[in-house]
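Engineer: Residue 1 is where the sequence shown starts when you use full-length UniProt numbering, and the numbers rise one by one after that.
Glycine is no exception: its CB is placed at the ideal position from the N, C-alpha and C atoms.
As the structure is a computational prediction, the values presented were derived from the model and not from experiment.
Please read through the structure below; I'll follow up with questions.
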Amino acid sequence: MENELSKLNIPRDTYLKLVEKYVSEESRKHLFYTEAAMRALARYFSEDEHTWAMAGLLHDIDYEQITGKENWEAHIKEHCGELTEKFLKEIDFPDDLIRAIQSHNEVQNIPRDSKLAKTLFAVDGLTGFIVAVSKIMPDKQISSVKVESVIKRFKEK
Numbered sequence: 001m002e003n004e005l006s007k008l009n010i011p012r013d014t015y016l017k018l019v020e021k022y023v024s025e026e027s028r029k030h031l032f033y034t035e036a037a038m039r040a041l042a043r044y045f046s047e048d049e050h051t052w053a054m055a056g057l058l059h060d061i062d063y064e065q066i067t068g069k070e071n072w073e074a075h076i077k078e079h080c081g082e083l084t085e086k087f088l089k090e091i092d093f094p095d096d097l098i099r100a101i102q103s104h105n106e107v108q109n110i111p112r113d114s115k116l117a118k119t120l121f122a123v124d125g126l127t128g129f130i131v132a133v134s135k136i137m138p139d140k141q142i143s144s145v146k147v148e149s150v151i152k153r154f155k156e157k
C-alpha cells in the first residue's frame, strides 16, 4: 500500500538556498538532473510536480557535509540520516517527505512506501549513470546522450 504524501507550496528558491548552503556547485548538477527527472515522472504519473521535483532537488542535501568521507562504509551509513533530517527541518520540510528522501539510501532501512520514494530510489542511480555516459560522449554534454546510448552502456555494465 502506498502512502499519500504532503504537497509542497513553498517556492523553489527557498529550497535552492538550502542547496547553495550545503552543496558544492559541482555536486549540484546531480541534484538538478534528479529534480528534472522527478518532475517529468510526476507529470507521467499525474502526481504533484513541484513536490516530486523538490524531493529530487534535496535528496542528497547532506552528502558533502558528512565527516569521514574517506571511509566509504561509515559515510554511506550516515547519508540520509540525522543531517538530512536536520537540514530539511530548517525549512519546515514535512516529515513524510523527509522519510521518502531518506529511504533512497537503502542502508537507512526506511521503507519506500510511496510512489515518490520508489521513483526517487530508481532515478537517483539512473541520473548518475546517465551523467557517466555523458562523460564518454565526444562533446561530454548530457544533452548529447540518447536513450540508445544509455541502454548500450547499461548492457555493458
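Check the C-beta distance from Thr84 over to Asp62 and give it rounded, since I have them as a contact under 8 Å.
Structural biologist: Counting from 1 along the sequence shown, the entry for residue 84 is found at position 84. Counting from 1 along the sequence shown, the entry for residue 62 is found at position 62. Yes, Thr84 and Asp62 are in contact; Cβ-Cβ is about 5 Å, under 8 Å.
Engineer: Going by C-alpha distance, which of His30, Leu88, Leu5 is nearest Leu18?
Structural biologist: Counting from 1 along the sequence shown, the entry for residue 18 is found at position 18. Cα-wise, what sits closest to Leu18 is Leu88.
Engineer: Alpha carbon to alpha carbon, how far is residue 163 from Val145?
Structural biologist: The chain is shown from 1 up to 157; residue 163 falls before or after that span and cannot be answered.
Engineer: By a C-beta neighbour count over all protein chains shown, 10 Å radius and 16 as the cutoff for buried, is Asp60 buried or exposed?
Structural biologist: For the purposes of this step, residue 60 is identified with residue 60 of the sequence shown, where counting begins at 1. When all chains shown are included, Asp60 counts as buried.
Engineer: Which first and last residues belong to the alpha helix (DSSP H) in which Gly125 is found?
Structural biologist: As a first step, residue 125 must be located in the sequence shown, where it is residue number 125. From DSSP, the alpha helix (DSSP H) with Gly125 extends over 115-134.
Engineer: Around the C-beta of Val147, are 16 or more other C-beta atoms found within 10 angstroms, so that it is buried, or is it exposed?
Structural biologist: Looking up residue 147 in the sequence shown gives position 147. By the 10 Å Cβ count, Val147 comes out exposed.
Engineer: Using C-beta distances below 8 Å, list every residue in its chain close to Ile130, excluding the 5 sequence neighbours before and after it, in chain order.
Structural biologist: Sequence index remark: in the sequence shown, residue 130 carries index 130 (1-based). For Ile130, where only same-chain residues beyond five positions count, the Cβ hits under 8 Å are Tyr33, Ile142, Val145, Val150.
Engineer: Mind listing, in chain order, the continuous alpha helix (DSSP H) runs of no fewer than 4 residues lying wholly within the stretch 11-73?
Structural biologist: 12-22, 25-44, 49-58
Engineer: To the nearest whole angstrom, what separates the beta carbons of Leu16 and Ala55, a pair I think is in contact under 8 Å?
Structural biologist: As a position in the sequence shown, residue 16 is number 16, starting the count at 1. As a position in the sequence shown, residue 55 is number 55, starting the count at 1. About 14 Å separates the beta carbon of Leu16 from that of Ala55, a gap too long to meet the 8 Å contact definition.
Engineer: Have a look at Phe121, Gly128, Lys115, Gln65 and flag the residue whose alpha-carbon is nearest the alpha-carbon of Ser24.
Structural biologist: Residue mapping note: residue 24 aligns to position 24 of the sequence shown, counting from 1. With distances taken between Cα atoms, Ser24 lies closest to Gln65.
Engineer: Taking only the alpha-carbon atoms, compute the straight-line gap between Asp113 and Val123 and give it to the nearest angstrom.
Structural biologist: Position 113 of the sequence shown, counted from the first residue, corresponds to residue 113. Position 123 of the sequence shown, counted from the first residue, corresponds to residue 123. Going by the C-alpha atoms only, they are around 16 Å apart.
Engineer: Where does Ile151 sit, in a helix, a strand or coil, going by DSSP?
Structural biologist: In the sequence shown, counting from the first residue as 1, residue 151 sits at position 151. Three-state result, Ile151: helix.
Engineer: Rounding to the nearest angstrom, what Cα-Cα distance links Ser6 and Pro138 in this structure?
Structural biologist: Position 6 of the sequence shown, counting from 1, holds the residue named residue 6. Position 138 of the sequence shown, counting from 1, holds the residue named residue 138. About 42 Å.
Engineer: When you compare only the Cα positions, how much space is there between Lys21 and Asp13?
Structural biologist: The residue labelled residue 21 in the question sits at position 21 within the sequence shown. The residue labelled residue 13 in the question sits at position 13 within the sequence shown. Take the alpha-carbon of Lys21 and the one of Asp13: they are about 12 Å apart.
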